[in-house]
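Worksheet: the structure to be examined is printed underneath.
Residue numbers (my numbering), protein chains in the order written: chain A, 105 to 390; chain B, -8 to 296.
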């Protein structure tokens, strides 16, 4: 993993940051993490473990009490406008509840809000809005008020909002929450598409099966700390960690373990991630 | 709605009493009440209609016109209607703007009437306060003994109340013509063009937006409370209503915070801006607006002489 990321360029780095709520509760305690170009990171951890606060710090909405946030090696000054804009234009954040994000009265003007704030020319804004609409397949909703769309459609608008700002990293705060299976599957395709276009994606989720299948790196949050940061293989092989963070093994992973145990064979070097890989493993065992 | 029907009936009666035969006055009042009442019974008023202002604006056939032209035309008409002090001008403005919205714009008449009832209740209530005088001696066309004095309707008060009512209705119809054809984000574009301070625009827009968030949040809280029988019985209802409101305050603070975070994360820095599709002013439209405005001005001047 380390060798792999060393070749990629570092985009965002959070260096020993802490954040305390007004109530005095510590939401993040000495957290360090970095995001490299083109990565697919899943963020796991139970409710209240600090995932959302972490995202808000990554995007510069919250200013961490200690430590620093770096973008492409440059330290972000939270009291300097240009510096904050650099961070926010490059690190997009898709909020969990799209309703909180909707601000305008048509889908088109809603998506234009971000690029307009970047101070771009109207023509460029229009081109970006068109691209985001095409990417999220929202052509038929262009002049509809976003508040009246269905949950899945709103989610697509909230992603298009961020796409139009053309960031290098997109953070998704529990994107699959309250989506039906079909929309969740569409979301996964979208994530795949975005990743193939070279964007780094950081997705917080409770769905370990999704994290195992999709991510090439996993961050586990537990009680305001990062309890683990590594490959999905290393995270799910660590029983004590899973126990501590209240996580379970992905189903396909657990079944592969059972199959190997029943066949009295050692675990394979590469655990299956898809049904096809699982079938191959079973055939090799029996 | 039914309340509005009764109010309208009383107003028709109080303003026409003594000016036309008694049977016509009373009959007109009853007819007016019945007409409004029938509409009210066939129609349940919901909050969603107000939330949908922008939605109706987008559906309107007037949506494609230049927002700046509409704003200038309708605001100047509004000012003229209020400043002219002429009942005939106000009635003409009211009727023409109602027709403009419903016929030219294609806003459904049910929707228009339903949206109109809220301001109409306020206007009719204040009209009632103007038409009735309290005096120690009987006076005018109608007096009723009340608490040692007389509740009277004088012709002067009738004329004054009528003028104020139609002026207010005319002004509201201008505002509705604007807001039922121009969505909020276009109005913001216009306000920016005339260099209104950014903080004023921001405040206006956010207040406008949060009203809907509050309404939606309240509807949810209320539904959850009534699902647990919170509104069974008068005592319970009052208590539940209080709790709903308290909860609403807490929730709206949280939601406002979350919304603001979302705006900031998209580089919002206190200057609201949205992309607008260009809608050039067409000469014919500008000319039509100008001619209509001049005609109403001429009417106002003529009635004042």
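For every residue, glycine included, the Cβ atom is placed at its ideal position computed from N, Cα and C.
Under 8 Å by beta carbon: chain A residues contacting residue i
{"i": "residue 170 of chain B", "result": "In chain order: nothing, as chain A lies at least about 12 Å away."}
{"i": "residue 153 of chain B", "result": "Ordered by position in chain A, no residue passes the 8 Å Cβ test against residue 153 of chain B, which lies about 37 Å from the chain."}
{"i": "residue 246 of chain B", "result": "204"}
{"i": "residue 200 of chain B", "result": "207"}
{"i": "residue 249 of chain B", "result": "199, 201 and 204"}
Chain-ordered neighbours of residue i on chain B, where CB pairs are closer than 9 Å
{"i": "residue 160 of chain A", "result": "252 and 256"}
{"i": "residue 210 of chain A", "result": "45, 49, 174, 176 and 265"}
{"i": "residue 276 of chain A", "result": "Neighbours of residue 276 of chain A on chain B: none; closest Cβ ~13 Å, over 9 Å."}
{"i": "residue 240 of chain A", "result": "Per Cβ cutoff of 9 Å: no residues; residue 240 of chain A is ~16 Å from chain B at best."}
{"i": "residue 192 of chain A", "result": "255, 256, 257 and 258"}
{"i": "residue 282 of chain A", "result": "Per Cβ cutoff of 9 Å: no residues; residue 282 of chain A is ~14 Å from chain B at best."}
{"i": "residue 269 of chain A", "result": "257 and 258"}
Nearest to residue i (by Cα), restricted to the options the options
{"i": "residue 185 of chain A", "options": "B:285, B:75 and B:259", "result": "B:259"}
{"i": "residue 270 of chain A", "options": "A:277, A:217, A:290 and A:289", "result": "A:217"}
{"i": "residue 207 of chain B", "options": "B:-6, B:43 and B:53", "result": "B:43"}
{"i": "residue 369 of chain A", "options": "A:376, A:377 and A:360", "result": "A:360"}
{"i": "residue 208 of chain A", "options": "B:263, B:188 and B:182", "result": "B:263"}
{"i": "residue 331 of chain A", "options": "A:128, A:133 and A:287", "result": "A:133"}
{"i": "residue 263 of chain A", "options": "A:322, A:116, A:235 and A:248", "result": "A:235"}
{"i": "residue 233 of chain A", "options": "A:172, A:343 and A:210", "result": "A:210"}
{"i": "residue 21 of chain B", "options": "B:169, B:9 and B:-2", "result": "B:-2"}
{"i": "residue 152 of chain B", "options": "B:120, B:271, B:238 and B:12", "result": "B:120"}
{"i": "residue 124 of chain B", "options": "B:147, B:114, B:219 and B:106", "result": "B:147"}
{"i": "residue 66 of chain A", "options": "A:277, A:225 and A:338", "result": "Outside the shown range of chain A, which is 105 to 390, sits residue 66 of chain A, and nothing can be said about it."}
{"i": "residue 389 of chain A", "options": "A:142, A:372 and A:378", "result": "A:372"}
{"i": "residue 324 of chain A", "options": "A:115, A:156 and A:114", "result": "A:156"}
{"i": "residue 126 of chain A", "options": "A:250, A:246 and A:168", "result": "A:168"}
{"i": "residue 376 of chain A", "options": "A:152, A:114, A:172 and A:355", "result": "A:355"}
{"i": "residue 200 of chain B", "options": "B:268, B:225, B:218 and B:174", "result": "B:174"}
{"i": "residue 116 of chain B", "options": "B:160, B:78, B:13 and B:12", "result": "B:160"}
{"i": "residue 178 of chain A", "options": "A:171, A:116, A:374 and A:312", "result": "A:116"}
{"i": "residue 364 of chain A", "options": "A:345, A:384, A:310 and A:350", "result": "A:384"}
{"i": "residue 268 of chain A", "options": "B:51, B:190, B:265 and B:247", "result": "B:265"}
{"i": "residue 63 of chain B", "options": "B:165, B:230 and B:98", "result": "B:165"}
{"i": "residue 198 of chain A", "options": "B:25, B:295 and B:254", "result": "B:254"}
{"i": "residue 237 of chain A", "options": "A:279, A:223, A:259 and A:274", "result": "A:259"}
{"i": "residue 309 of chain A", "options": "A:193, A:147 and A:142", "result": "A:147"}
Contact set between residue i and chain B, taken where Cβ atoms lie within less than 7 Å
{"i": "residue 205 of chain A", "result": "253"}
{"i": "residue 230 of chain A", "result": "266"}
{"i": "residue 226 of chain A", "result": "266"}
{"i": "residue 163 of chain A", "result": "256"}
{"i": "residue 217 of chain A", "result": "257 and 265"}
{"i": "residue 233 of chain A", "result": "266"}
{"i": "residue 370 of chain A", "result": "Simply none; closest approach about 47 Å."}
Listed by chain order, chain A residues near residue i by CB distance under 9 Å
{"i": "residue 209 of chain B", "result": "The contacting residues do not exist; residue 209 of chain B stays about 15 Å from chain A at best."}
Supposed close pair residue i, residue j - CB separation, criterion 8 Å
{"i": "residue 319 of chain A", "j": "residue 145 of chain A", "result": "6 Å"}
{"i": "residue 155 of chain B", "j": "residue 118 of chain B", "result": "6 Å"}
{"i": "residue 137 of chain A", "j": "residue 154 of chain A", "result": "Not quite, the Cβ-Cβ distance comes to about 11 Å (not below 8 Å), so this is no contact."}
{"i": "residue 297 of chain B", "j": "residue 221 of chain A", "result": "Outside the modelled stretch of chain B, which goes from -8 to 296, sits residue 297 of chain B, for which no answer is possible."}
{"i": "residue 222 of chain B", "j": "residue 112 of chain B", "result": "Wrong, their Cβ atoms sit about 24 Å apart, outside the cutoff."}
{"i": "residue 167 of chain B", "j": "residue 108 of chain B", "result": "Not quite, the Cβ-Cβ distance comes to about 12 Å (not below 8 Å), so this is no contact."}
{"i": "residue 291 of chain B", "j": "residue 80 of chain B", "result": "4 Å"}
{"i": "residue 196 of chain B", "j": "residue 212 of chain B", "result": "Not really, about 25 Å apart at Cβ, beyond 8 Å."}
{"i": "residue 135 of chain A", "j": "residue 121 of chain A", "result": "5 Å"}
{"i": "residue 171 of chain B", "j": "residue 47 of chain B", "result": "5 Å"}
{"i": "residue 335 of chain A", "j": "residue 352 of chain A", "result": "Actually they do not touch by this definition, with Cβ atoms about 18 Å apart."}
{"i": "residue 57 of chain B", "j": "residue 188 of chain B", "result": "The Cβ separation is near 23 Å, so there is no contact."}
{"i": "residue 265 of chain A", "j": "residue 246 of chain B", "result": "Actually they are not in contact, since the Cβ atoms of residue 265 of chain A and residue 246 of chain B sit about 18 Å apart, beyond 8 Å."}
Partner residues on chain B for residue i, Cβ-Cβ distance less than 8 Å
{"i": "residue 221 of chain A", "result": "257, 258, 259, 260, 262 and 264"}
{"i": "residue 265 of chain A", "result": "257"}
{"i": "residue 187 of chain A", "result": "The premise fails here: residue 187 of chain A is roughly 12 Å from chain B at the closest Cβ pair, so nothing lies under 8 Å."}
{"i": "residue 213 of chain A", "result": "176, 265, 266 and 267"}
{"i": "residue 252 of chain A", "result": "46"}
Per DSSP, the bridge partner or partners of residue i
{"i": "residue 147 of chain A", "result": "A:308 and A:323"}
{"i": "residue 333 of chain A", "result": "A:323"}
{"i": "residue 144 of chain B", "result": "B:131 and B:133"}
{"i": "residue 392 of chain A", "result": "A query on residue 392 of chain A cannot be resolved here, the shown segment of chain A reaching from 105 to 390 and no further."}
{"i": "residue 11 of chain B", "result": "B:8"}
{"i": "residue 123 of chain A", "result": "A:132"}
{"i": "residue 116 of chain A", "result": "A:139 and A:175"}
Contact test: residue i Cβ vs the ligand ADP heavy atom, cutoff 8 Å
{"i": "residue 242 of chain B", "result": "The ligand content of the structure shown is nil, which means the ligand ADP is not present either."}
(request) Note down, one range per segment and in chain order, each alpha helix (DSSP H) of at least 4 residues found wholly within the segment 196 to 242 of chain A. (result) 202 to 205, 211 to 221 and 226 to 239, all fully within the segment 196 to 242 of chain A.
(request) Ignoring anything shorter than 3 residues or poking outside the segment 254 to 326 of chain A, list the beta strand (DSSP E) runs there in chain order. (result) The segment 254 to 326 of chain A contains these whole beta strand (DSSP E) runs: 273 to 277, 304 to 308 and 321 to 326.
(request) Just list the alpha helix (DSSP H) runs in the segment 186 to 221 of chain B, keeping only unbroken ones of 4 residues or longer that don't cross its boundaries, in chain order. (result) Residue ranges of uninterrupted alpha helix (DSSP H) with 4 or more members, entirely inside the segment 186 to 221 of chain B and ordered along the chain, are 189 to 218.
(message) Which complete beta strand (DSSP E) runs does the segment 154 to 184 of chain A hold, if anything under 3 residues is left out?
(response) Those beta strand (DSSP E) runs which fall completely within the segment 154 to 184 of chain A and span 3+ residues are 170 to 175.
(request) For the segment 16 to 67 of chain B, list the alpha helix (DSSP H) runs that are entirely contained and at least 4 residues long, ordered along the chain. (result) The qualifying runs are 39 to 42 and 44 to 50.
(message) So within the segment 247 to 281 of chain B, which uninterrupted alpha helix (DSSP H) runs reach at least 4 residues, ignoring any that extend past its ends?
(response) Listed in chain order, nothing qualifies, since the segment 247 to 281 of chain B has no complete alpha helix (DSSP H) run of 4 or more residues.
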